[in-house]
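Let me begin by presenting the structure, written as structure tokens, before commenting on it.
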Amino acid sequence: MNAAMRALPLWGLEKANITLIATRENTVYRVDHGPDRYALRLHRQGYRTNSELAAELDWMAMMDRAGLSVPAPIASFDGPFLQIVDGVQVDVLTWLEGETLDAALPDMDAAMHAHVFHQLGQDMARMHTAIDAWPEANSCDRPAWDLDGLLGNAPLWDRFWDNPALSQDQKAQMLVFRRTAADDLATLAPTVDYGLIHADLVPANVMMSGDTLHFIDFDDGGFGFRLFEVATALLNRRAAPEYPMLRMALIDGYTAVRPLDTTHLPLFLALRAATYVGWNIARAAEDQTRARNARFIAQAEHLVTDYLAIR
């Protein structure tokens, strides 16, 4: 907490009360300052450069100006959104009330599910449209979920084909998928909508407050295929009985705002599933029962098999 306490005066918040909220990736504190409430983030060391974080914060500020519901960065007294305290990258954001879709979805009936996913599709499309109109979008210093970022020798979320829990047959299949998907993606790339994306719009990163959806946690945001964004939002609902309805609702919501060719969605669902097999490699200590890893592998195996069968 020392860095957090030392950061508060940089925003004029030295008399505020702070409460630890999350420690999973970044360390996040709720800051109560009189009637106002903020989120103070201490960023995990070594994950993003100062330039990348400054770009993320400028991007979030733009989306707030465009009317999207995202945590808006608060400028420090010196001017920058980002400050370095005791070697730790720190920023302060507006506080958003609500609960995550992770928490809210189990209590919803099918009609409400569809309504929320339709709205999610609309808001996702509005975000992409705002990004495409932003002059600084193409020069943002953010990672790329492109062919190399997904399937190159050093993917953003690690080499999924090297997950040590893969059987020999599963590893062979993942290598076939890697080669095949790389060929297909290289062919498709010039024709598929591409630009800045959130890249992690899972239900845990979408909050709901009344009729408003908030997009949070842009840590992994960068340049990518818009179908990858759609696939990310759909992936963990794929096994639900109502999945076909949710898929249709999200796509209908999106296409009500901007066009979207979903022809190649099976490829991007398989790619998204594969990234989690890579992501878990460095987090094996958090997965002591290996259940999460097994779930990620089974999901990827199913989607990769489907993709290879229909291409």
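In terms of the working numbering, the sequence shown opens at residue 375 and continues consecutively. The beta-carbon is built from N, C-alpha and C at its ideal position, and this holds for glycine as well. It should be emphasised that the depicted structure is a prediction, and the values quoted were computed from it without experimental measurement.
Within the segment 380 to 409, complete alpha helix (DSSP H) segments of at least 4 residues are not found at all. Here T503 carries a helix assignment [DSSP, helix/strand/coil]. Looking at L416, M436, D410, A390, the one whose alpha-carbon comes closest to that of A396 is L416. Going by C-alpha positions, L521 is about 17 Å away from Y681.
The beta carbons of F642 and F602 sit about 5 Å from each other, so the pair counts as a contact at 8 Å. Here Y617 is exposed. Its C-beta has fewer than 16 other C-beta atoms within 10 Å. T586 sits in a strand when the DSSP states are folded into three classes. A straight-line Cα-Cα distance of about 45 Å links L467 and I684. Cβ atoms of A560 and G598 stay farther apart than 8 Å, at about 15 Å.
Annotation: R646 to G408 spans about 43 Å, alpha carbon to alpha carbon. In the three-state reduction of the DSSP assignment, M581 falls in the strand class, which pools E and B. Around the Cβ of G652, a 10 Å sphere holds 16 or more other Cβ atoms; the residue is buried.
Contiguous beta strand (DSSP E) elements confined to the segment 409 to 472 occur at 410 to 416, 457 to 459, 462 to 468, taking only those with 3 or more residues.
Here A518 carries a strand assignment [DSSP, helix/strand/coil]. Around G386, the same chain offers F451 as residues with beta carbons nearer than 7 Å, after the five sequence neighbours per side are excluded. In the DSSP assignment, I684 falls outside any beta strand (DSSP E) and within the unbroken alpha helix (DSSP H) covering 665 to 684.
For T474, DSSP records a beta bridge to M581.
Contact annotation: L442 and G627 have beta-carbon atoms that are not nearer than 8 Å.
DSSP, read as helix, strand or coil, puts L570 in strand. Just so you know, the alpha carbons of L382 and R411 end up roughly 13 Å apart. In the three-state reduction of the DSSP assignment, F491 falls in the helix class, which pools H, G and I. Contact check for L570 against A511 passes: the beta carbons are separated by less than 8 Å. Annotation: the continuous beta strand (DSSP E) that includes F597 extends over 596 to 599. Between the C-alpha atoms of R404 and N391 there is a straight-line separation of about 8 Å. Apart from the 5 residues on each side of it in sequence, L427 sits with its Cβ closer than 8 Å to the Cβ of H417, L456, Q463, D465 in its chain, given in chain order. Remark: fewer than three beta-carbon pairs, one from each stretch, lie closer than 8 Å, so the segment 530 to 549 and the segment 469 to 483 are not flagged as touching. Between E399 and F592, the CB-CB gap reaches or exceeds 8 Å.
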